[in-house]
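Novice: Handing you a structure now.
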Amino acid sequence: MEHSEKRIKIAVQKTGRLTEHSIDLLERCGLKVTKSKDQLICYGENMPIDLLLVRDDDIPGLVSDDVCDLGIVGLNVAEEKRLKLQQGGSKGLFKQIFELDFGHCRLSIAAPDNVEYAGHE
């Protein structure tokens, strides 16, 4: 496989609830990759695109550090990383391009039985 051309690197969660949806989305866009169980990089067979399969917490940093050109990650992970970067003096060098229609989650609040909770205000 020839890799002399500029290849776009996309960081995707290696395992987790976004993995299958992310790879399916890219395949529906026409990208052909072969993925095996322990593989960390999938090379696009028909496009100059490579997928880096990583921990979701690492994706915003890989984009911010220019290791990857794009990343698919939950908004909660992206915002947590942005806050940490900003607290460290950085400007959070990545931005959300658009929202994908998968990976929805529910936020729950837990409290001990002896604490009264009447709902959010």
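Anchor point for the sequence shown: position 117 equals 586 in the working numbering, and the numbering is continuous, going up by one each time. We treat Cβ as the ideally placed atom computed from N, Cα and C, and that holds for glycine. These numbers come from a predicted model, not from an experiment.
(1) State the start and end residues of the unbroken alpha helix (DSSP H) segment that holds V481.
(2) Below 8 Å on the Cβ atoms is my contact criterion, and I expect K478 with L522 to pass it. Report the Cβ-Cβ distance as a whole number of Å.
(3) From the DSSP output, which residues share a beta bridge with C511?
(4) Should G499 be labelled buried (16 or more other beta-carbon atoms within 10 Å of its own) or exposed?
(5) Just mark S491 as buried or exposed, buried being the case when its beta carbon has 16 or more other beta carbons within 10 Å.
(6) With a 10 Å radius around its C-beta and 16 neighbouring C-beta atoms as the bar for buried, classify I541 as buried or exposed.
(7) So for D582, helix, strand or coil by DSSP?
(8) Tell me the rounded alpha-carbon separation between V546 and V584.
(9) Taking all protein chains shown into account, decide if P517 is buried (16 or more other Cβ within 10 angstroms of its Cβ) or exposed.
(10) For L487 versus D525, is the C-beta distance shorter than 8 Å?
(11) Assign D535 to buried or exposed, taking buried as 16 or more other Cβ atoms, counted over all protein chains shown, within 10 Å of its Cβ.
(12) Leaving aside the five residues before and after K501 along the sequence, list all residues of the same chain whose C-beta is less than 6 Å from its C-beta, in chain order.
Specialist: Let me lay it out:
(1) Careful: V481 lies outside any alpha helix (DSSP H), inside the beta strand (DSSP E) at I477 to Q482.
(2) So it is not a contact: roughly 11 Å between Cβ atoms.
(3) L520
(4) exposed
(5) buried
(6) buried
(7) coil
(8) 29 Å
(9) exposed
(10) yes
(11) exposed
(12) E514 and N515
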